[in-house]
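*Asks:* This is the structure I want to talk about, given as structure tokens.
Number of protein chains: 2
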Amino acid sequence: MSSDAQSGRAAEGRGGERLPPDMRSTSQRRAILQALDEAPGPLTPHQVLERAGAIQGSLGLATVYRNLATLEEAGEIVAVHLPNETRRYEPTGRGHHHHFRCDNCEGVFELATTCPVAVLEGVTLPGGFEVRGHALTLYGLCPRCRGA
Amino acid sequence: MSSDAQSGRAAEGRGGERLPPDMRSTSQRRAILQALDEAPGPLTPHQVLERAGAIQGSLGLATVYRNLATLEEAGEIVAVHLPNETRRYEPTGRGHHHHFRCDNCEGVFELATTCPVAVLEGVTLPGGFEVRGHALTLYGLCPRCRGA
DNA sequence: ACCTTATTGAGAACGGAGTCTCATTCTCAA
DNA sequence: TTGAGAATGAGACTCCGTTCTCAATAAGGT
Chain A
1 MSSDAQSGRA AEGRGGERLP PDMRSTSQRR AILQALDEAP GPLTPHQVLE
51 RAGAIQGSLG LATVYRNLAT LEEAGEIVAV HLPNETRRYE PTGRGHHHHF
101 RCDNCEGVFE LATTCPVAVL EGVTLPGGFE VRGHALTLYG LCPRCRGA
Chain B
1001 MSSDAQSGRA AEGRGGERLP PDMRSTSQRR AILQALDEAP GPLTPHQVLE
1051 RAGAIQGSLG LATVYRNLAT LEEAGEIVAV HLPNETRRYE PTGRGHHHHF
1101 RCDNCEGVFE LATTCPVAVL EGVTLPGGFE VRGHALTLYG LCPRCRGA
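Taken in sequence, the protein lines are chains A and B.
To convert, note that position 5 of the first sequence is 5 in my numbering; the numbers rise steadily by one, no gaps.
Count along the second sequence starting at 1, add 1000, and that's the number in my numbering.
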């Protein structure tokens, strides 16, 4: 779940990432990407600040926001929106999946389970609602909180 | 979808609503409840201000917020959270359902469709995630925007 | 009708997410 | 090695949803 192979981001030019031409490879940028790659689920900007900050010494919140925006534009990461939560980000290329939020620790995890809502894609529901996409979040207890 | 029978709110004491003992029935409160009852889906505080304000002459934003909080505590309405949207409210007693958000007009509607995620309730997913609830939002085009 | 007290309106104030500024630092192509 | 310009850090600032304040108003029990 944290291998470079998964997202296709491997040794290439400069720092080792696949980034647009005029986008430089800085230690901060690398740390942010690494933090997102190693996380069990999408991270909020503040979580990115914490985790990437632990990897790379100094890191400002503005830098995190700037990079998240830049990397999203570059298609390296995608924004994830959960109900009643601030925006989160995760690396692209992980295919269609949904998230699980623990009621206890409030952590958000990526699920491997097959999508139970796929059948509705492209369907027009009674009432005339044409479905083009969906957002599903499961709630409950994560493995750790269940055990404790 | 706008009948009083549906939510069980009918002529009873005072102004006509079923409200806790020390909660007074004011014209503002009644307008707010009516606005929520007649809406095709959950409303944001500002939408409540607009709609209830159209019913009842003067209405302040603070009054709307106060009443939404009070009515929620009283169990008359429930908060609805959609991804990347501000909190909305709808009357209680409409059973399990999900919402549809139009990509074009951005309106949010209540769906009558049976829940495709029900099968996951109570299940423990591979990985050890114990499902206790879920949030599903469908996106696409509403009847009106589809026609236009 | 009267009195107690919940409720209201208008606007000031708050809080947290996200953005902007700008002097300084760093990347990397030449 | 060097220079152009992308990137950074710290904090001020903006935005906007929500709450607070307080004097005036109005439910509703008696």
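Where is the CB? At the ideal position from N, CA and C, for every residue including glycine.
Name the chain A residues that come within less than 8 Å of N1084(B), Cβ to Cβ?
*Replies:* The residue labelled residue 1084(B) in the question sits at position 84 within the second sequence. Correct list: H81 and R87.
*Asks:* According to DSSP, Y139(A) sits in a beta bridge with which residue or residues?
*Replies:* Taking the first residue of the first sequence as 1, we reach residue 139(A) at position 139. Paired residue(s): R101(A) and G1133(B).
*Asks:* Can you tell me whether DSSP reads E1110(B) as helix, strand or coil?
*Replies:* Along the second sequence, one-based indexing puts residue 1110(B) at 110. Strand, per DSSP.
*Asks:* Let me make sure I understand the geometry here. Which of R18(A), P45(A) and A118(A) has the alpha-carbon closest to that of A74(A)?
*Replies:* Taking the first residue of the first sequence as position 1, residue 74(A) is located at position 74. The option with the nearest alpha carbon to A74(A) is R18(A).
*Asks:* In angstroms with no decimal places, state the Cα-to-Cα distance between R1024(B) and C1115(B).
*Replies:* The residue given as residue 1024(B) occupies position 24 in the second sequence. The residue given as residue 1115(B) occupies position 115 in the second sequence. Rounded to whole angstroms, R1024(B) to C1115(B) spans 37 Å at the Cα level.
*Asks:* How should E106(A) be labelled, buried or exposed, when 16 other C-beta atoms within 10 angstroms of its C-beta is the threshold for buried?
*Replies:* By 1-based counting over the first sequence, the position of residue 106(A) is 106. The residue in question, E106(A), is exposed, as its Cβ has fewer than 16 Cβ neighbours within 10 Å.
*Asks:* Taking Cβ positions only, does L68(A) come closer than 9 Å to chain B?
*Replies:* One-based indexing of the first sequence puts residue 68(A) at position 68. Cβ-Cβ to chain B under 9 Å: no for L68(A).
*Asks:* Go ahead and pull the three-state DSSP assignment for A69(A).
*Replies:* One-based indexing of the first sequence puts residue 69(A) at position 69. Helix at A69(A).
*Asks:* Which value, in whole angstroms, describes the spacing of the CA atoms of V1064(B) and T1092(B)?
*Replies:* Here residue 1064(B) refers to the residue found at position 64 when the second sequence is read from its first residue. Here residue 1092(B) refers to the residue found at position 92 when the second sequence is read from its first residue. Looking at the two C-alpha atoms, the distance is approximately 17 Å.
*Asks:* My understanding is that H99(A) touches L125(A), with C-beta atoms under 8 Å, so please give their C-beta distance in whole angstroms.
*Replies:* Stepping through the first sequence from its first residue, residue 99(A) is reached at position 99. Stepping through the first sequence from its first residue, residue 125(A) is reached at position 125. H99(A) to L125(A), Cβ: 24 Å. No contact.
*Asks:* In terms of alpha-carbon separation, which member of A1031(B), G1041(B), R1066(B) and P1040(B) lies closest to E1050(B)?
*Replies:* Translated into the one-based positions of the second sequence, residue 1050(B) becomes position 50. It is A1031(B).
*Asks:* Short of 8 Å Cβ to Cβ, which residues in the stretch 30-64 of chain A face chain B?
*Replies:* Answer set for the stretch 30-64 of chain A: empty.
*Asks:* Does S7(A) pass the burial test, meaning 16 or more other C-beta atoms within 10 Å, or should it be called exposed?
*Replies:* Mapped onto the first sequence, residue 7(A) falls at position 7. The predicted position of S7(A) is uncertain, since its pLDDT is 38 and thus under 50; a value taken from the coordinates is nonetheless stated next. Its Cβ being crowded by 16 or more others within 10 Å, S7(A) is buried.
*Asks:* Any beta-carbon of chain A closer than 9 Å to the one on F1100(B)?
*Replies:* By one-based count along the second sequence, residue 1100(B) stands at place 100. F1100(B) counts as touching chain A.
*Asks:* Just the chain A side, please: which residues come within less than 7 Å of C1142(B) by C-beta, in chain order?
*Replies:* Residue 1142(B) sits at position 142 when you count from the first residue of the second sequence. Correct list: F129.
*Asks:* Quick one: is L1061(B) buried, meaning 16 or more other Cβ sit within 10 Å of its Cβ, or exposed?
*Replies:* Against the second sequence, residue 1061(B) aligns to sequence position 61. By the neighbour-count rule (16 or more Cβ atoms within 10 Å), L1061(B) is not buried but exposed.
*Asks:* Is E1072(B) near the ligand ATP, with its Cβ less than 8 Å from a heavy atom?
*Replies:* Looking at this structure, you won't find the ligand ATP or any other ligand, since it has none at all.
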